[in-house]
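The sequence shown lines up with residues 1278 to 1522 when you count with the working numbering.
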Amino acid sequence: MVIETRHFKTGDPEPTFPSDGKLQLLSMRFCPYAQRTHIILEAKRIPYHTYNVDLTNKPEWLTKYSPLGKVPALGVPTERGLSFIHESMVIADYLDEKYPEKLLYPKDPFAKAVDRLLIERFSIVSNAFYKIGFRGDINGKVELSNGLDEFETELKKRGTSFFGGKEPGMLDYMIWPWMERLVLLKYGKDIQYEIDEERFAALTEWSRKMIDDYAVKVHYITGDIHRQFVEGFKSKNVDYDILLT
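Below is the structure:
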C-alpha cells in the first residue's frame, strides 16, 4: 500500500536503502509515469519501498540512480547489489515478466502486441491533455476527443468491462493516470474541457470501475487535490507534500 512520505529535495541526504530484498522505487506522488509503476506493483502485490523526490528542487543524488533525473526509477536487488532501471514502460514490462503469477499482458503474443500498440497510441491523448492543460492550446480539445474515440471504439468492440477483460490488464493500468487527470481540464483558466459522457459512455463506465480497483484505489488522488498541485506548479509555488498537510 502507499504510505505518504515527504519528498526529498535539494540538500537532503541520500536515503539508505534497506537490504531486505524488496524493490526500491524512486517516485513523485503526482507523476503519472511513476503512478504507472505504483499501480503495477500494487496489482501484483509486490513488496516495495518508496522514496518520493521533489522534481523542481531535485536532490543531488537523484542522477546517481536515474541519469536523466526522472522518475520512476526502480531499484532491483541483484547479485551485484541494487541496480536501477528507468522509464515506466520498461519497468512495467520487466515486472510482468519477472512476476508472472498475475500476468497483466494477454498470453497470446498477437493480443499482447495489439495492447502494446494501443498503449503507444494513447500518447495522442496524453499529448493533447498537456496541450490543453499546460499550454492553453485550443487545438488540443479536438485532438483529445479524437484520441479518446479510438479507445471508446476498442472497448466497445471487446465487449468487456476492462480492456484486459473481466479485470484490468496492462493497457488499462498504463492509460489510467491520464484518465484520472482529465477532470483537471474543466478548471482551465482560458480553455476548459469536460469529457462527453454520452459520446464516451463506455469509457465513462470504465473509469468508474477503475476507481474501485484495488491497485488504482490505493494511489488514487481526487481531482481537487490534483488541481491544487497543478495550480501551485504553474505559479511556481508547488507543494509536493500537499497530501501530508
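C-beta atoms are modelled at their ideal positions from N, C-alpha and C, and glycine is treated no differently.
The segment 1494-1508 in contact with the segment 1327-1335 per 3-pair CB rule at 8 Å: The answer is no - the segment 1327-1335 does not touch the segment 1494-1508, with fewer than three Cβ pairs under 8 Å.
Inter-residue Cα distance where the pair is aspartate 1501 and tyrosine 1407: Counted from its first residue, the sequence shown places residue 1501 at position 224. Counted from its first residue, the sequence shown places residue 1407 at position 130. Their backbone Cα atoms lie some 18 Å apart in a straight line.
CB contact flag (proline 1349, serine 1365, <7 Å): Taking the first residue of the sequence shown as position 1, residue 1349 is located at position 72. Taking the first residue of the sequence shown as position 1, residue 1365 is located at position 88. Cβ atoms of proline 1349 and serine 1365: closer than 7 Å.
Sub-7 Å separation of isoleucine 1415 and isoleucine 1498 beta-carbons: On the sequence shown, residue 1415 is found 138 positions in, with the first residue counted as 1. On the sequence shown, residue 1498 is found 221 positions in, with the first residue counted as 1. Cβ atoms of isoleucine 1415 and isoleucine 1498: not closer than 7 Å.
Leucine 1351 and leucine 1302 closer than 7 Å at C-beta: Taking the first residue of the sequence shown as position 1, residue 1351 is located at position 74. Taking the first residue of the sequence shown as position 1, residue 1302 is located at position 25. One thing to note: leucine 1351 has its Cβ within 7 Å of the Cβ of leucine 1302.
Sheet register partners of leucine 1351 (DSSP bridge): The count along the sequence shown starts at 1 and reaches residue 1351 at position 74. Leucine 1351 is bridged to Leu1302, Ile1362.
Sequence ranges, alpha helix (DSSP H) only - wholly within the segment 1317-1347, length at least 4: Note on the segment 1317-1347: whole alpha helix (DSSP H) runs with a minimum of 4 residues are 1339-1342, in chain order.
Bridge-paired residues (DSSP) for phenylalanine 1439: What you label residue 1439 is simply residue 162 of the sequence shown in a count that begins at 1. When beta bridges are read from the DSSP output, phenylalanine 1439 appears opposite Gly1442.
Selected residue, minimal CA-CA separation from glycine 1413, among Pro1445, Pro1336, Leu1461, Ala1390: Locating residue 1413 in the sequence shown gives position 136, counting from the first residue. Residue Leu1461 is the option with its Cα nearest to glycine 1413.
Exposure label - lysine 1347; buried when at least 16 CB within 10 Å: By 1-based counting over the sequence shown, the position of residue 1347 is 70. Result: buried.
Cα-Cα separation between aspartate 1490 and leucine 1425, rounded to whole angstroms: The residue you call residue 1490 lines up with position 213 of the sequence shown. The residue you call residue 1425 lines up with position 148 of the sequence shown. When rounded, the distance between both Cα atoms is 21 Å.
Proximity winner among Arg1306, Thr1355, Leu1521, Lys1389, relative to serine 1546 (alpha-carbon distances): There is simply no residue 1546 to check, as the chain begins at 1278 and stops at 1522 in what is shown.
Cα-Cα separation between arginine 1476 and proline 1383, rounded to whole angstroms: Reading the sequence shown from its first residue, position 199 is the one you call residue 1476. Reading the sequence shown from its first residue, position 106 is the one you call residue 1383. Between arginine 1476 and proline 1383, the C-alpha separation is close to 28 Å.
Which of helix, strand or coil DSSP assigns to phenylalanine 1285: Locating residue 1285 in the sequence shown gives position 8, counting from the first residue. In the structure shown, phenylalanine 1285 sits in a strand (DSSP, three-state: E or B).
CB contact flag (lysine 1286, histidine 1326, <7 Å): For the purposes of this step, residue 1286 is taken as the residue at position 9 of the sequence shown. For the purposes of this step, residue 1326 is taken as the residue at position 49 of the sequence shown. Going by beta carbons, lysine 1286 and histidine 1326 fall outside the 7 Å limit.
CA nearest to the CA of leucine 1459, picked from Glu1319, Gly1288, Asn1404: Position 182 of the sequence shown holds residue 1459. When each option's Cα is compared against that of leucine 1459, the closest is Asn1404.
Close beta carbons around isoleucine 1523, own chain, < 8 Å, minus the five adjacent residues each side: Given that the chain is displayed from residue 1278 to residue 1522, the structure contains no residue 1523 and the question cannot be resolved.
Outcome for proline 1445 when other beta-carbon atoms lying within 10 angstroms are tallied against a minimum of 16: Taking the first residue of the sequence shown as 1, we reach residue 1445 at position 168. Buried, because 16 or more other Cβ atoms sit within 10 Å of the Cβ of proline 1445.
Simplified DSSP assignment, three categories, for glycine 1410: Residue numbering aside, residue 1410 sits at position 133 when the sequence shown is read from its first letter. It is helical.
C-beta atoms of arginine 1504 and tyrosine 1464 nearer than 7 Å: As a first step, residue 1504 must be located in the sequence shown, where it is residue number 227. As a first step, residue 1464 must be located in the sequence shown, where it is residue number 187. In contact: arginine 1504 and tyrosine 1464 (Cβ atoms closer than 7 Å).
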